[in-house]
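Trainee: Pasting in a structure now, in structure tokens, and then I'll have a few things to ask.
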Amino acid sequence: MGEKLVPVVCPWCSVGCRFYAVSVNGYIRKIEFDYDHPTVNRGRLCPKGVASYQFINSPNRLKKPLRRVGEKGEGKFEEISWDEAYSIIAEKIKETIGSYGPEALAFIASEKIFLEENYLMHKLSKALGTNNLDFPGRYCQYSNSVARTVMFGSSAATNPFADASKADLVVIWGHNPAETAPIFFGQYIEKAIIDNDVELIVVDPRATRGHKYSGLHLKPYPGTDLALALAILNVIVTEDLYDKEFVEERTNGFKELADSVAKYTPEWAEKICGVPAGTIREVARKIASSKNLVFLINEGVNQHVNGYETSLVVANIIAVTGNIGKDGVFSGVFPGANCGYCAAMTGIAPNKLPTGKLVTDEEARKEVERLWGFKVPEKPGLDLTAMIRSMGDGIHFVYAAGANIAKSAPNSAWVREQLKKLDFLVVQDIFLTDTAMYADIVLPAAAWFEKTGTAISAERRVQRTYQAADPPGEAKPDWLIFVELAKELGLGEFFKYEHPDEVLREINNVIPIFKGATPEYLKEHLEGCFFPCSEPGEGTKVLFKKGFKKPDGKAQLMAVDWREPPEMPDEEYPFWLTNFRLVGHWHTGTMSFESKSLEKRWPDEYVMINKEDARKLGVKDGELVKVETRRGSILVRASVTDQIMEGVIAMPNHWQINFLTLEETHEKTKMAELKAVAARVVKVE
Ligand SMILES: Nc1nc2c(c(=O)[nH]1)N[C@H]1C(S)=C(S)[C@@H](COP(=O)(O)OP(=O)(O)OC[C@H]3O[C@@H](n4cnc5c(=O)[nH]c(N)nc54)[C@H](O)[C@@H]3O)O[C@H]1N2
Ligand SMILES: Nc1nc2c(c(=O)[nH]1)N[C@H]1C(S)=C(S)[C@@H](COP(=O)(O)OP(=O)(O)OC[C@H]3O[C@@H](n4cnc5c(=O)[nH]c(N)nc54)[C@H](O)[C@@H]3O)O[C@H]1N2
Ligand code: SF4
Ligand SMILES: [Mo]
Numbered sequence: 054m055g056e057k058l059v060p061v062v063c064p065w066c067s068v069g070c071r072f073y074a075v076s077v078n079g080y081i082r083k084i085e086f087d088y089d090h091p092t093v094n095r096g097r098l099c100p101k102g103v104a105s106y107q108f109i110n111s112p113n114r115l116k117k118p119l120r121r122v123g124e125k126g127e128g129k130f131e132e133i134s135w136d137e138a139y140s141i142i143a144e145k146i147k148e149t150i151g152s153y154g155p156e157a158l159a160f161i162a163s164e165k166i167f168l169e170e171n172y173l174m175h176k177l178s179k180a181l182g183t184n185n186l187d188f189p190g191r192y193c194q195y196s197n198s199v200a201r202t203v204m205f206g207s208s209a210a211t212n213p214f215a216d217a218s219k220a221d222l223v224v225i226w227g228h229n230p231a232e233t234a235p236i237f238f239g240q241y242i243e244k245a246i247i248d249n250d251v252e253l254i255v256v257d258p259r260a261t262r263g264h265k266y267s268g269l270h271l272k273p274y275p276g277t278d279l280a281l282a283l284a285i286l287n288v289i290v291t292e293d294l295y296d297k298e299f300v301e302e303r304t305n306g307f308k309e310l311a312d313s314v315a316k317y318t319p320e321w322a323e324k325i326c327g328v329p330a331g332t333i334r335e336v337a338r339k340i341a342s343s344k345n346l347v348f349l350i351n352e353g354v355n356q357h358v359n360g361y362e363t364s365l366v367v368a369n370i371i372a373v374t375g376n377i378g379k380d381g382v383f384s385g386v387f388p389g390a391n392c393g394y395c396a397a398m399t400g401i402a403p404n405k406l407p408t409g410k411l412v413t414d415e416e417a418r419k420e421v422e423r424l425w426g427f428k429v430p431e432k433p434g435l436d437l438t439a440m441i442r443s444m445g446d447g448i449h450f451v452y453a454a455g456a457n458i459a460k461s462a463p464n465s466a467w468v469r470e471q472l473k474k475l476d477f478l479v480v481q482d483i484f485l486t487d488t489a490m491y492a493d494i495v496l497p498a499a500a501w502f503e504k505t506g507t508a509i510s511a512e513r514r515v516q517r518t519y520q521a522a523d524p525p526g527e528a529k530p531d532w533l534i535f536v537e538l539a540k541e542l543g544l545g546e547f548f549k550y551e552h553p554d555e556v557l558r559e560i561n562n563v564i565p566i567f568k569g570a571t572p573e574y575l576k577e578h579l580e581g582c583f584f585p586c587s588e589p590g591e592g593t594k595v596l597f598k599k600g601f602k603k604p605d606g607k608a609q610l611m612a613v614d615w616r617e618p619p620e621m622p623d624e625e626y627p628f629w630l631t632n633f634r635l636v637g638h639w640h641t642g643t644m645s646f647e648s649k650s651l652e653k654r655w656p657d658e659y660v661m662i663n664k665e666d667a668r669k670l671g672v673k674d675g676e677l678v679k680v681e682t683r684r685g686s687i688l689v690r691a692s693v694t695d696q697i698m699e700g701v702i703a704m705p706n707h708w709q710i711n712f713l714t715l716e717e718t719h720e721k722t723k724m725a726e727l728k729a730v731a732a733r734v735v736k737v738e
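The numbering of the sequence shown is the working numbering, which starts it at 54 and goes up by one.
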């Protein structure tokens, strides 16, 4: 009964920490620091990392395929065999295609399944003839991702984490890495702030855990960051503080940008976002004088309908101050989950090919058809919110693997009504989730630690993680489920894989940015490689050193106009409601609620209310209140505090928040309003 040390990547966030799972007879006995190889975490783990394998041993894991026997939403299922499950699903797919065509099918992939698994789901959906393919990452980075792609030709984080320690100024805007990327914050950002005495500027309506270090804490009203960003840019331009050489040599469009931003003065912005004009000027001057700027933005900026515009302005600020395309800076998209990039970079989107090119690009499509051996549909499909909107009216069959949209998508009551309208729903998960409640068939997947595959961290580091435990009952790895279902559908010739290594080799061949990330290289180099990696080796550590991914190599600066959030407080709903993550929980809680040590320490949801607001409402700390928006209402305990600004309330996003949010989306990015909605608080007598 020997113990084996199996190298694994942490199952949660995109920092990409690694450690050993100590495996005995198919069980994990404990975890140990990986002292043999270089790791990002340098010997540290956050609370979730420490608790990392608890959820896989939960008694609530799915162990057999299930068929619904009760009403949708009721949660009554019976166990069936894999053969039965595959044959029912395959029949239903064929029937749906027969009645409505392949465009009535939709596939939802995941930030929680590996690179290989996202790739296979993509291949399966296209083999069936549909581009209705998306993942909950739609609600994650799309604002910033689309903005930076427009401006720089690529949106990924520009530099390795280690460069963040070389900062001379750190701006953290709508991001709380102390809780959401704790080891990145602790090992790299704190190093700059504490060891090198670098100033930190925080932009957040709440005081966050990193806030104790911040010289300046700017508190805009949720959803008004665009006004603040425009005014910062205004000061940099009108006070002539920009990097003229960089602007001249490496960008296009400065004149239009300068003209457009002239009207957005700090005094104008103060009236909208509430940040004093003097502070805006001070911050703009600091940013302009920084040569090694680390500029972190995340969901506080991304998750708004106007998040695209804010992201564009932030990217303009970074570009005109010359803080991109060199060593010692850091900015870009910061996908939060360990497999966010696994979905995004295998083209999980309704308009993309696995190569990242557009389905409408005929030459690129033909290339994929040649590689895959079957015809690829050319009409772009529906994004996730549009899929939900079309359920029962255009979309009849949905297959979701590792996505809990009944909780993670905006306006949960609406989402659940829509799910009921489907003819058929397949949910492939490790737990019986809220979404699974509406499923016709539920498939039990093997979890992280129970399978081998590839993850990608926020610094573009591609790493392999290996099987250390046996799956419970009859649960199977996602890649194998896709392969077996494809065979049942008569598509076996395109899915001839017996091991995830074979899938990765195909990815090396199909997706150029992963060419060098071979199973052999990643096994020998557990620290992985940085994509794009065109050959086995370290890959590309710093982006844009030789130019941007634009036809003339220059960044395209973008003029932006102020745009109001879709919903603003009014007499009926006087508060801004926003939300945030807790270090101890993961999204919809399926895994962290099943991790005993996390659940015990972070037991329940609450709403943060400013002391002054609470006094006016007559609400005391710990009392139950009803939080209401135009979508719905929930009961929750009040946390009366001065850690949130007046007029704003905020809740953790792991419980019921999406009963309150808004499904309206941005026309280009399709990002919904997940962070700023109008709400009221009613005292419960
Ligand atoms: N523990 C834990 N870690 C995670 C995750 C998790 O669920 N749990 N999820 C991972 C994923 S997928 C992601 S995408 C990342 C997200 O990581 P973050 O972006 O750090 O996540 P949030 O806490 O949702 O939002 C960040 C901050 O935005 C602030 N904020 C809210 N509204 C606004 C606003 O309108 N303007 C501004 N300026 N700030 C605002 C919030 O108060 C919060 O402090 O985390 C990843 N890491
Ligand atoms: N209001 C509001 N809404 C938000 C956010 C917010 O900040 N505020 N954040 C948004 C963001 S950034 C994101 S990324 C999304 C996340 O949205 P989701 O991805 O829907 O949320 P998760 O809870 O991470 O769901 C992942 C699912 O995968 C399952 N799973 C885990 N491992 C495996 C596996 O190996 N195989 C299979 N098949 N399943 C597995 C889990 O049990 C879980 O059900 O939520 C978004 N929604
Ligand atoms: S920071 Fe992220 S990857 Fe590292 S231990 Fe914590 S959850 Fe895991
Ligand atoms: Mo995310």
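Just so it is clear, CB atoms sit at the ideal spot from N, CA and C, and this is done for glycine as well.
1. Identify the residues that DSSP records as bridge partners of CYS582: which are they?
2. Please go through the same chain and pick out, in chain order, the residues whose beta-carbon is closer than 6 Å to the beta-carbon of ALA341, but skip the five residues on each side of it.
3. Heavy atom of ligand 2 less than 7 Å from the Cβ of GLY455, yes or no?
4. SER686 bridges to which residues according to DSSP?
5. Checking the sheet assignment: what are the DSSP bridge partners for HIS270?
6. Tell me SER692's beta-bridge partners as DSSP assigns them.
7. For the beta strand (DSSP E) holding ARG191, just list the boundary residues, first then last.
8. So, is LYS297 buried or exposed, given that buried needs 16 or more other C-beta atoms within 10 angstroms?
9. Have a look at LEU8 and ASN229 and give me their C-alpha separation to the nearest angstrom.
10. Can you tell me where the alpha helix (DSSP H) holding LYS534 begins and where it ends?
11. Does any heavy atom of ligand 4 sit closer than 7 Å to the C-beta of GLY102?
12. For ligand 3, is there a heavy atom less than 7 Å away from the beta-carbon of ILE236?
13. Any idea if GLU352 is buried or exposed, counting beta-carbon neighbours within 10 angstroms, 16 or more meaning buried?
14. Can you tell me whether GLU301 is buried or exposed, with buried defined as 16 or more other CB within 10 angstroms of its CB?
15. Need the endpoints of the beta strand (DSSP E) that GLN481 sits in, please.
16. Can you determine whether any heavy atom of ligand 2 sits closer than 7 Å to the C-beta of HIS228, and answer yes or no?
17. On the CB-based measure, 16 or more other CB atoms within 10 Å of its CB, does ALA366 come out buried or exposed?
18. My output table needs one value for ALA104: the three-state DSSP class, helix, strand or coil.
19. Would you please verify whether the beta carbon of SER111 is less than 8 Å from any beta carbon of chain B?
20. Does DSSP classify GLY263 as helix, strand or coil?
21. Where does the unbroken beta strand (DSSP E) through SER196 begin, and where does it stop?
22. Please name the residue, chosen from PRO572, MET204, PHE601 and LYS598, that lies closest to GLU33 on a Cα-to-Cα basis.
23. Closer than 7 Å to a non-hydrogen atom of ligand 5 - does that hold for the CB of CYS395?
24. DSSP three-state call for ASP187: helix, strand or coil?
25. Compute the distance between the beta-carbons of GLY389 and MET724, then report whether it is under 8 Å.
26. Would you report the Cα separation of ARG668 and THR261, rounded to the nearest angstrom?
27. Touching or not, the stretch 435-442 and the stretch 657-665, by the rule of three or more beta carbon pairs under 8 Å?
28. Is GLY353 near ligand 1, judged by its Cβ being under 7 Å from some heavy atom?
29. Closer than 5 Å between the C-beta and any heavy atom of ligand 4: which residues qualify, listed along the chain?
30. In chain order, what residues of the same chain have a beta carbon less than 6 Å from the beta carbon of THR641, not counting five sequence neighbours either side?
31. For ligand 2, is there any heavy atom lying closer than 7 Å to the beta carbon of GLN481?
32. Skipping 5 residues on each side, what residues in its chain have a beta carbon closer than 7 Å to that of LEU596?
33. What beta strand (DSSP E) runs, 3 residues minimum, are completely inside the stretch 444-481?
34. Quick check on DSSP: helix, strand or coil for ALA725?
35. Out of curiosity, what's the CA-to-CA distance linking GLY102 and TYR153?
36. Is it buried or exposed for ASN355, if we count other Cβ within 10 angstroms and need 16 for buried?
Mentor: Reading off the structure:
1. One-based indexing of the sequence shown puts residue 582 at position 529. Partner(s): VAL515.
2. For this step, residue 341 is matched to residue 288 along the sequence shown. Short of 6 Å from the beta carbon of ALA341, and not among the five residues preceding or following it, lie these beta carbons of its own chain, in chain order: ILE289, LEU294 and THR374.
3. As a first step, residue 455 is located in the sequence shown; it is residue number 402 there, counting from the start. Ligand 2 has a heavy atom closer than 7 Å to the beta-carbon of GLY455.
4. As a position in the sequence shown, residue 686 is number 633, starting the count at 1. Assignment of beta-bridge partners to SER686 by DSSP yields GLU681.
5. The sequence position of residue 270 within the sequence shown is 217, counting from 1. For HIS270, the beta-bridge partners assigned by DSSP are VAL255.
6. Along the sequence shown, read from residue 1 onward, the residue named residue 692 stands at position 639. According to DSSP, which records beta bridges pairwise, SER692 is partnered with MET661.
7. The count along the sequence shown starts at 1 and reaches residue 191 at position 138. Unbroken run through ARG191: none, as it is neither H nor E.
8. Here residue 297 is taken as the residue at index 244 of the sequence shown, counted from 1. With a 10 Å radius around the Cβ and a threshold of 16 neighbouring Cβ atoms, LYS297 comes out exposed.
9. The requested residue 8 does not occur in the structure, where the chain is confined to residues 54 to 738.
10. By one-based count along the sequence shown, residue 534 stands at place 481. Sequence inspection shows Ile at residue 534; the Lys mentioned does not correspond to that position. ILE534 -> alpha helix (DSSP H) spans 531-541.
11. Residue mapping note: residue 102 aligns to position 49 of the sequence shown, counting from 1. No.
12. For this step, residue 236 is matched to residue 183 along the sequence shown. Yes.
13. Residue numbering aside, residue 352 sits at position 299 when the sequence shown is read from its first letter. Buried: at least 16 other Cβ atoms inside 10 Å.
14. In the sequence shown, counting from the first residue as 1, residue 301 sits at position 248. GLU301 should be labelled exposed.
15. Within the sequence shown, numbered from 1, the residue matching residue 481 stands at position 428. Segment 477-482, the beta strand (DSSP E) holding GLN481.
16. Reading the sequence shown from its first residue, position 175 is the one you call residue 228. Not under cutoff, so the answer is no.
17. As a working note, residue 366 is residue 313 in the sequence shown. Here the sequence assigns Val to residue 366, which means Ala is not the residue at that position. If you draw a 10 Å sphere on the C-beta of VAL366, you find 16 or more other C-beta atoms in it, and that means buried.
18. Walking along the sequence shown from the start, residue 104 turns up at place 51. Here DSSP, grouped into helix, strand and coil, assigns ALA104 to coil.
19. Annotation note: the requested chain B is absent from the structure, which comprises a single protein chain.
20. Locating residue 263 in the sequence shown gives position 210, where the first residue counts as 1. If DSSP states are grouped into helix, strand and coil, GLY263 belongs with the helices.
21. For the purposes of this step, residue 196 is identified with residue 143 of the sequence shown, where counting begins at 1. For SER196, there is no enclosing beta strand (DSSP E); the residue is part of the alpha helix (DSSP H) that begins and ends at 195-205.
22. No information on residue 33 is available, as it lies outside the stretch 54 to 738 that the chain covers here.
23. As presented, the structure is devoid of ligand 5, carrying ligand 1, ligand 2, ligand 3 and ligand 4 as its sole ligands.
24. Taking the sequence shown and counting its residues from 1, one reaches residue 187 at position 134. Three-state result, ASP187: strand.
25. Start at 1 with the first residue of the sequence shown, and residue 389 comes out as number 336. Start at 1 with the first residue of the sequence shown, and residue 724 comes out as number 671. Here GLY389 is not near MET724, since their CB atoms are 8 Å or more apart.
26. As a first step, residue 668 must be located in the sequence shown, where it is residue number 615. As a first step, residue 261 must be located in the sequence shown, where it is residue number 208. If I take the Cα positions, the gap works out to 23 Å.
27. Fewer than three pairs of CB atoms, one per stretch, sit closer than 8 Å, so the stretch 435-442 makes no contact with the stretch 657-665.
28. Your numbering for residue 353 matches position 300 in the sequence shown. Within 7 Å of the C-beta of GLY353 there is at least one heavy atom belonging to ligand 1.
29. Those residues placing their Cβ nearer than 5 Å to any heavy atom of ligand 4 are, following chain order, CYS193 and GLY389.
30. As a first step, residue 641 is located in the sequence shown; it is residue number 588 there, counting from the start. Taking C-beta separations shorter than 6 Å and ignoring five residues to either side along the sequence, the partners of THR641 in its chain run ASN457, LYS460 and SER461, following chain order.
31. In the sequence shown, counting from the first residue as 1, residue 481 sits at position 428. It does: the Cβ of GLN481 is within 7 Å (strictly closer) of some heavy atom of ligand 2.
32. Reading the sequence shown from its first residue, position 543 is the one you call residue 596. A distance below 7 Å between beta-carbons, with the five flanking residues on each side excluded, links LEU596 to the following residues of its chain, in chain order: SER207, ALA209 and THR211.
33. As far as the stretch 444-481 is concerned, its whole beta strand (DSSP E) runs of at least 3 residues are 450-454.
34. The residue you call residue 725 lines up with position 672 of the sequence shown. For ALA725, the three-state secondary structure derived from DSSP is strand.
35. The count along the sequence shown starts at 1 and reaches residue 102 at position 49. The count along the sequence shown starts at 1 and reaches residue 153 at position 100. Taking the Cα positions, GLY102 is about 46 Å away from TYR153.
36. Taking the first residue of the sequence shown as 1, we reach residue 355 at position 302. Buried is the call here.
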